[in-house]
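Working notes, beginning with the structure itself.
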Amino acid sequence: MRATDLFSLQRGKIDPAQIAPARPPYPSRQSISDAREDTMTNASNALLWTALYFALAFGAIFAVWFAEKMRSNFLGK
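For what it's worth, our numbering labels the leading residue of the sequence shown as 54, then goes sequentially.
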């Protein structure tokens, strides 16, 4: 669209050929139920974040334990 076309739209001179047709939010080949299967539900999202935080907490505990073990080996305690 040219700049002159943009200014003509602001003045109220709308050419129907310049307006793009509205597209559905999902591809027309799929049904709505097929589109919903691709998204995560709230429960699965919560389970994923819970597992992630559990894994990060376990990794942090292991890192502190390993660092303490290395420190005690280097200092001979």
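Where a beta carbon is used, it is the ideal one built from N, C-alpha and C, also for glycine.
- Spanning the alpha carbons of Leu101 and Phe119 requires a straight line of approximately 27 Å.
- Judged by DSSP in its simplified three-state form, Gly112 adopts helix.
- Taken through DSSP and simplified to helix, strand or coil, Met93 comes out as coil.
- Linking Ala116 to Arg124 through their CA atoms gives a straight-line distance of about 12 Å.
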